[in-house]
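J.:
Numbering (the numbering used here), first residue to last: 42 to 505.
What follows is the structure, encoded as structure tokens:
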């Protein structure tokens, strides 16, 4: 029986109430199947869409159990959505959703439907939200924001031309969530920061932010471009001392300091956004920051990707537990990039915002019981790595170079080899088991396996 089929008995999708959604032209004919690996402290629930996800979920739970010392499988329903305000029991909750689409070729001139994505994010989030009885009768305010251009110009236009009409409604919300994809995630960061600075929300409002493959540190250096000024600005994000980069990082730090629940999810083998960019690796770990990686079935090759998926998800697991991973994701990013020649409807960068499991996980994180996570205290002791200082130099040639592989090996050694914490060594053992059966097919993966062999071959464990 295959690696994935053995665990198809695990139910990985939940029936949802049917909502009347208008037929989007750009929605794939079938719901994407995949799994979101978003390990977090004391996580008690996880789901994904499609039978493909089962094995990955079980392996992630094993890794997580190793780190925190005990399984975390108890039901979340009894304690979810515990509200401190007593009036929430006597009236429907008020929820506000803002959706912000990303960049489109030639400012969307060739794809007018790209602006419909903003409404879709809100609809998908509302769909996931209404699965819980506490929100079945919620009053949901949906504000899809559309329009292309420079990042800051989009923020200004949205506030002055669109949101000004909803200011009173936003101030009366119990939950306020901003959802952004790709460039829209960067726009959403600045937008939410400006709204909170201007006190658009009440002190009792729970604020959240969902980033889907956000291009926080720029796209891959070799990504094809239309040379429009707004497109060029995306590449400027990879320059750490550029004005826009500093503003975006400052805004994200401010959101976390204010206690905003932030979820950053990126895609496996994303064709446009590197791992380090989609998970904003220059931001240290925080208790109210959840990072995760979405693995669509179309981008996963059994036997080929299993070890790499486990390696990346374990690194994110450690980072979510405020354990330094030493720039590992910077050096891994270019080695697991998807092909830009893939049809748009099948790209990981696109599929991430169609999958229902993404929004379900975000609802649990943003709207669930705080459990001490939504707090500005407890920043990570992780250092600010060098990767963020010269990420603009991370070209295809650099990722394939011996220097990058050497730095990756050193980063992983610092994480898994020199650290003597028992729980990390337990995760290391599981990675060794997966490495032993890893069968890479591409030349680059074979080279990577030869570099990582001294670290993850089982014989190495005797040297610890």
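Every residue, glycine too, gets a C-beta built ideally from N, C-alpha and C.
Does the Cβ of residue 317 have 16 or more other Cβ atoms within 10 Å, making it buried, or fewer, making it exposed?
T.: buried
J.: Report the partner residues of residue 216 according to the DSSP bridge assignment.
T.: According to DSSP, which records beta bridges pairwise, residue 216 is partnered with 136, 247.
J.: Using only alpha-carbon positions, find the residue among 172, 176, 168 that is nearest to residue 135.
T.: 176
J.: Would you mind reading off the limits of the alpha helix (DSSP H) that contains residue 397?
T.: Taken as a continuous stretch (DSSP letters only), the alpha helix (DSSP H) holding residue 397 covers 397-408.
J.: First and last residue of the alpha helix (DSSP H) that includes residue 336?
T.: That residue, residue 336, is in no alpha helix (DSSP H); its beta strand (DSSP E) goes 330-337.
J.: By the 10 Å Cβ neighbour count, where 16 or more other Cβ atoms means buried, how is residue 444 classified, buried or exposed?
T.: The residue in question, residue 444, is exposed, as its Cβ has fewer than 16 Cβ neighbours within 10 Å.
J.: Helix, strand or coil: how does DSSP classify residue 190 here?
T.: coil
J.: Count the other CB atoms, across all protein chains shown, that sit within 10 Å of the CB of residue 341; report buried if there are 16 or more and exposed otherwise.
T.: buried
J.: Take the Cβ of residue 361 as the centre, count every other Cβ of all protein chains shown within 10 Å, and call the residue buried at 16 or more, exposed below.
T.: buried
J.: Can you tell me the Cα-Cα spacing of residue 479 and residue 235, whole angstroms?
T.: 47 angstroms
J.: When the Cα of residue 250 is compared with those of 173, 389, 400, which residue comes out closest?
T.: Considering only alpha carbons, the answer is 400.
J.: If I measure Cβ to Cβ from residue 481 and keep anything under 8 angstroms in the same chain, skipping five residues before and after, which residues do I get?
T.: The beta carbon of residue 481 is closer than 8 angstroms to those of 345, 487, 489, 490 in its chain, skipping five residues each way along the sequence.
J.: Do you know how far the Cα of residue 280 is from the Cα of residue 322?
T.: If I take the Cα positions, the gap works out to 14 angstroms.
J.: Across which residues does DSSP place residue 225 in a beta bridge pair?
T.: Paired residues: none, contrary to the question.
J.: Just the C-alpha distance for residue 329 and residue 230, rounded to the nearest angstrom, thanks.
T.: A direct Cα-Cα distance of roughly 15 angstroms separates residue 329 from residue 230.
J.: One question on the structure: do residue 39 and residue 223 come within less than 8 angstroms of each other, judged by their Cβ atoms?
T.: There is no way to answer for residue 39, as the model of the chain reaches only from 42 to 505.
J.: According to DSSP, what are the bridge partners of residue 306?
T.: 253, 333
J.: How long is the line joining the alpha carbons of residue 497 and residue 356, rounded to whole angstroms?
T.: 14 angstroms
J.: Determine the closest residue to residue 369 out of 383, 379, 353, 137, with distance taken between C-alpha atoms.
T.: Residue 353 is the option with its Cα nearest to residue 369.
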